[in-house]
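Structure record follows, encoded as structure tokens.
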Amino acid sequence: MLNFKIHSNEIDKIGNFTKEEKDFRLKNLKYFNDTGFPNKKNEDWKFSDLKEIVSKNFNKLDIKSLKSEKPKIDFINDFEHNYIVITNGELTLSNFKYEEKSKVKLKSFINDNYSGKKENNPLVNLNHALSDKGYFLEVKENYKFKKILVIYYLFTEDLNENILNSKNKIVIGKNSEIHLLDYLINVSKKNFFNNVYEDVILGSSARLKNIYLQKDKSSGYFHKYSKNRLSAGANFSSFIFPTGLKFNKLDLEFNLEGENCECNLQSASFLSQQEHQEIKTRINHFYPNCKSYQKVKNVLNEDSKGVYQGKIFVKDEAQKTDAYQLSKAILLGERSEFDSKPELEIYADDVKCSHGSTSGSLDKDSIYYLMTRGLTKIESTKLLVNGFLNEVIDSIKSDSIRNFIKTKLEEQLLNEYKKH
Amino acid sequence: MLEIKNLNASINNKEILKGLNISIKPGELHAIMGPNGSGKSTLANVLSGKEGYKISGELKYQGKSLKEISIDERAQKGIFLAFQYPTEIPGVNTSNFLRTSLNKIRKAQGKKELDALSFLKIIKEKSNELGMDEKMLLRQLNVGFSGGEKKKNEILQMKILDPSLIILDETDSGLDIDALRIVADGVNSSRNKQKSFLVITHYQRLLNFIKPDYVHVLADGKIVKSGTKELAIELEKTGYKGIN
Ligand SMILES: Nc1ncnc2c1ncn2[C@@H]1O[C@H](COP(=O)(O)OP(=O)(O)OP(=O)(O)O)[C@@H](O)[C@H]1O
Ligand SMILES: [Mg+2]
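In the order they appear, the protein sequences are chains A and B. As numbered in my numbering, residues 1 to 420 make up the first sequence, in order. As numbered in my numbering, residues 1 to 244 make up the second sequence, in order.
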């Protein structure tokens, strides 16, 4: 399936749109059709040749949207939480029983912004052209969520070589705070593509903590572009624990649009078989006295591939910027691969910026040490891998949520080791 | 307990041990002294089963050849090596690790595994004996431990795992006077008729605290002189050049 082109009448099938919206969609459809899925000649995709990946794994990509039944969900019992259920991209259920209803707004959403310059990411163009579902979540000003909000992203069994395009928008009002758990449950057995565009806006001194986790392995091919805007004093932390998607690219942009913002991103992944995952970040320090921190850890088993492209941009007036970036990878598989491309573009002179990247096999001396204490080679490897990844998990403050995540990830790892 | 005959070991085409003989009976404590680079740590590594060496000669533990026995099996059979430079292992909690290790060894020896509570009791008692801050056990294994703390942690493991053949590779180096005494007490209180010790050290001082049955001098890959603790005192005066 090398040439994936979409006819403009597909847009009419999605719905009736105002002229403005329709023009926006047509324009973006043209952008996409001009390039198709990006290949490695595109600098942003040089480690993730999506054209090749799609051609290899899909015979077709169906863009018509599915009408799914009311989903059955295994709700998490480990801790009290509010929830939203998103089924194949569409908002289907919600419950905010722990919160003041007047402080939260939630609705189905397609798009509210038809302007903007041309985006250089063909997947964003595709999303702009075809998005037909999504949600809008707003936390009003001066409100602190009492319990975490779990967003169950459910992917159903009837998915079969579909491509889903959805758009979400999250607005956290001034001085407000929310913790989110993006929890992906995927029961589809067939390959499908999920293409998400997300806008996140944090008002001044707002706080957002976000955890991204998958319940189990699946045959999903995911791309998410997420644009995060932080006003003065806002604080964003994200913990990303992706496991078991066939392909996953997270393209995350953070715009620090006021003083004293802080952006914190940590990720721990264990990939195996032919899984391919890229985390690409761009942190734009536009104002002084902001902090950004990124730590990306990968364990790569078998033929898997991990990619990290992290760019830090510091504008000339963004003095006293403190930006940190580190990626570490352990290669377990002889054919596994890790690529990293850090990039610093700094125009201010009074800044603290550091970056580092290491990758290699497990430390032999550590394995030797553990084995002299009676552990087998596999047990030693397991302990070291868990230790490597746990460092990120351990920085989650809530005990119940941390334990939940730990248990989930350990289950997944155990399944991996059982295979050998 | 341990029978080494004509042991040769080389790594990366460098011959390090060149026909080493030593025999240790149950209950005995042997000290090995010798110049830097003479092969003491190599001997300790080879006994632990470390991979990468080309080995010839005879290596018998409790009457059976150690050839083909892997590192972890040797540990399970009661061989314990306290490292000269204990490895820092990030992300691995010291106490959890110790419990995993102990239960692994107990299981291999046909003993019952310990539950968290009984383990806690043991580790509390032993770490107190060694004057270790219990909080250290919540930290990552050896990470950021001071030199002396690392050595104490090795002795703690020795006490908890209760091995039969104990090899201490310069455990006394880097210890302050009080710590040295505590570690020596730890060793002395572990001594009994069933256990054997091979203590590698540079300092006669340690042997004032831990009384060896035999002292050997290892130079250029073999034992060049053996004697009792008087040999250590003599060495202190003459240095290695004075012997032979
Ligand atoms: N992997 C290796 N490759 C090459 N040479 C090695 C290797 N390991 C050890 N050696 C060499 O073998 C010799 C013996 O080393 P070993 O560590 O056993 O000495 P040692 O007696 O313990 O010394 P020290 O008292 O300084 O601890 C040294 O010359 C050392 O450089
Ligand atoms: Mg040595």
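From the three backbone atoms N, C-alpha and C, an ideal C-beta is built for every residue, glycine too.
Could you tell me the distance, in whole angstroms, from the CA atom of residue i to the CA atom of residue j?
{"i": "residue 24 of chain B", "j": "residue 359 of chain A", "result": "44 angstroms"}
{"i": "residue 70 of chain A", "j": "residue 302 of chain A", "result": "38 angstroms"}
{"i": "residue 249 of chain A", "j": "residue 280 of chain A", "result": "7 angstroms"}
{"i": "residue 371 of chain A", "j": "residue 72 of chain B", "result": "5 angstroms"}
{"i": "residue 357 of chain A", "j": "residue 340 of chain A", "result": "7 angstroms"}
{"i": "residue 171 of chain A", "j": "residue 111 of chain B", "result": "59 angstroms"}
{"i": "residue 119 of chain B", "j": "residue 401 of chain A", "result": "27 angstroms"}
{"i": "residue 207 of chain B", "j": "residue 152 of chain B", "result": "18 angstroms"}
{"i": "residue 201 of chain B", "j": "residue 84 of chain B", "result": "10 angstroms"}
{"i": "residue 138 of chain A", "j": "residue 43 of chain A", "result": "35 angstroms"}
{"i": "residue 231 of chain A", "j": "residue 384 of chain A", "result": "39 angstroms"}
{"i": "residue 150 of chain A", "j": "residue 227 of chain A", "result": "20 angstroms"}
{"i": "residue 311 of chain A", "j": "residue 18 of chain B", "result": "56 angstroms"}
{"i": "residue 30 of chain A", "j": "residue 118 of chain A", "result": "11 angstroms"}
{"i": "residue 355 of chain A", "j": "residue 296 of chain A", "result": "11 angstroms"}
{"i": "residue 299 of chain A", "j": "residue 113 of chain A", "result": "39 angstroms"}
{"i": "residue 227 of chain B", "j": "residue 59 of chain B", "result": "22 angstroms"}
{"i": "residue 290 of chain A", "j": "residue 381 of chain A", "result": "38 angstroms"}
{"i": "residue 318 of chain A", "j": "residue 260 of chain A", "result": "11 angstroms"}
{"i": "residue 165 of chain A", "j": "residue 94 of chain B", "result": "47 angstroms"}
Give the secondary structure of residue i by DSSP, where H, G and I count as helix, E and B as strand, and everything else as coil.
{"i": "residue 234 of chain A", "result": "coil"}
{"i": "residue 390 of chain A", "result": "helix"}
{"i": "residue 128 of chain A", "result": "helix"}
{"i": "residue 396 of chain A", "result": "coil"}
{"i": "residue 160 of chain A", "result": "coil"}
{"i": "residue 118 of chain B", "result": "helix"}
{"i": "residue 161 of chain B", "result": "helix"}
{"i": "residue 350 of chain A", "result": "coil"}
{"i": "residue 79 of chain A", "result": "coil"}
{"i": "residue 188 of chain B", "result": "helix"}
{"i": "residue 277 of chain A", "result": "strand"}
{"i": "residue 11 of chain A", "result": "helix"}
{"i": "residue 373 of chain A", "result": "coil"}
{"i": "residue 138 of chain B", "result": "helix"}
{"i": "residue 335 of chain A", "result": "coil"}
{"i": "residue 47 of chain B", "result": "helix"}
Compute the distance between the beta-carbons of residue i and residue j, then report whether it is under 8 angstroms.
{"i": "residue 191 of chain A", "j": "residue 161 of chain A", "result": "yes"}
{"i": "residue 89 of chain B", "j": "residue 387 of chain A", "result": "yes"}
{"i": "residue 177 of chain A", "j": "residue 206 of chain A", "result": "yes"}
{"i": "residue 167 of chain A", "j": "residue 110 of chain A", "result": "yes"}
{"i": "residue 98 of chain B", "j": "residue 123 of chain B", "result": "yes"}
{"i": "residue 286 of chain A", "j": "residue 262 of chain A", "result": "no"}
{"i": "residue 309 of chain A", "j": "residue 392 of chain A", "result": "no"}
{"i": "residue 405 of chain A", "j": "residue 241 of chain A", "result": "yes"}
{"i": "residue 142 of chain A", "j": "residue 180 of chain A", "result": "no"}
{"i": "residue 214 of chain B", "j": "residue 30 of chain B", "result": "yes"}
{"i": "residue 82 of chain B", "j": "residue 154 of chain B", "result": "yes"}
{"i": "residue 233 of chain A", "j": "residue 214 of chain A", "result": "no"}
{"i": "residue 362 of chain A", "j": "residue 389 of chain A", "result": "no"}
{"i": "residue 42 of chain B", "j": "residue 75 of chain B", "result": "no"}
{"i": "residue 293 of chain A", "j": "residue 264 of chain A", "result": "yes"}
{"i": "residue 155 of chain A", "j": "residue 220 of chain A", "result": "yes"}
{"i": "residue 222 of chain B", "j": "residue 20 of chain B", "result": "yes"}
{"i": "residue 195 of chain A", "j": "residue 128 of chain A", "result": "no"}
{"i": "residue 121 of chain A", "j": "residue 251 of chain A", "result": "yes"}
If the cut is a Cβ gap below 7 angstroms, which residues of chain B does residue i touch?
{"i": "residue 365 of chain A", "result": "87"}
Identify the contact partners of residue i in chain A, using a Cβ-Cβ distance below 8 angstroms as the criterion.
{"i": "residue 100 of chain B", "result": "375, 379 and 383"}
{"i": "residue 90 of chain B", "result": "387, 388 and 391"}
{"i": "residue 108 of chain B", "result": "374"}
Interface residues of chain B around residue i at Cβ under 9 angstroms?
{"i": "residue 324 of chain A", "result": "The premise fails here: residue 324 of chain A is roughly 18 angstroms from chain B at the closest Cβ pair, so nothing lies under 9 angstroms."}
For residue i, which residues in chain A fall below 9 angstroms Cβ to Cβ?
{"i": "residue 72 of chain B", "result": "370, 371, 372, 373, 374, 375, 376, 377, 379 and 380"}
{"i": "residue 105 of chain B", "result": "373 and 374"}
{"i": "residue 81 of chain B", "result": "372"}
{"i": "residue 75 of chain B", "result": "371, 372, 373, 374 and 375"}
{"i": "residue 249 of chain B", "result": "Outside the shown range of chain B (1 to 244) lies residue 249 of chain B, about which nothing can therefore be said."}
In chain A, which residues lie with their C-beta within 7 angstroms of the C-beta of residue i?
{"i": "residue 197 of chain B", "result": "What residue 197 of chain B touches in chain A: nothing, since even the nearest Cβ is about 16 angstroms away."}
{"i": "residue 50 of chain B", "result": "368"}
{"i": "residue 84 of chain B", "result": "Going along chain A, no residue has its Cβ under 7 angstroms from residue 84 of chain B, so there is no contact; the nearest lies around 12 angstroms."}
Looking at C-beta atoms only, is the number of pairs between the segment 48-68 of chain B and the segment 170-185 of chain B that lie closer than 8 angstroms three or more? The segment 48-68 of chain B makes no contact with the segment 170-185 of chain B: fewer than 3 CB pairs, one atom from each, lie closer than 8 angstroms.
Given 8 angstroms, three or more beta-carbon pairs between the segment 121-138 of chain A and the segment 77-94 of chain A: Yes, the segment 121-138 of chain A is in contact with the segment 77-94 of chain A.
Does the segment 32-45 of chain B come close enough to the segment 398-416 of chain A that 3 or more CB-CB pairs lie under 8 angstroms? The answer is no - the segment 32-45 of chain B does not touch the segment 398-416 of chain A, with fewer than three Cβ pairs under 8 angstroms.
Stretch pair the segment 331-350 of chain A + the segment 364-380 of chain A: three plus CB contacts closer than 8 angstroms: At 8 angstroms Cβ cutoff, the stretches do not touch.
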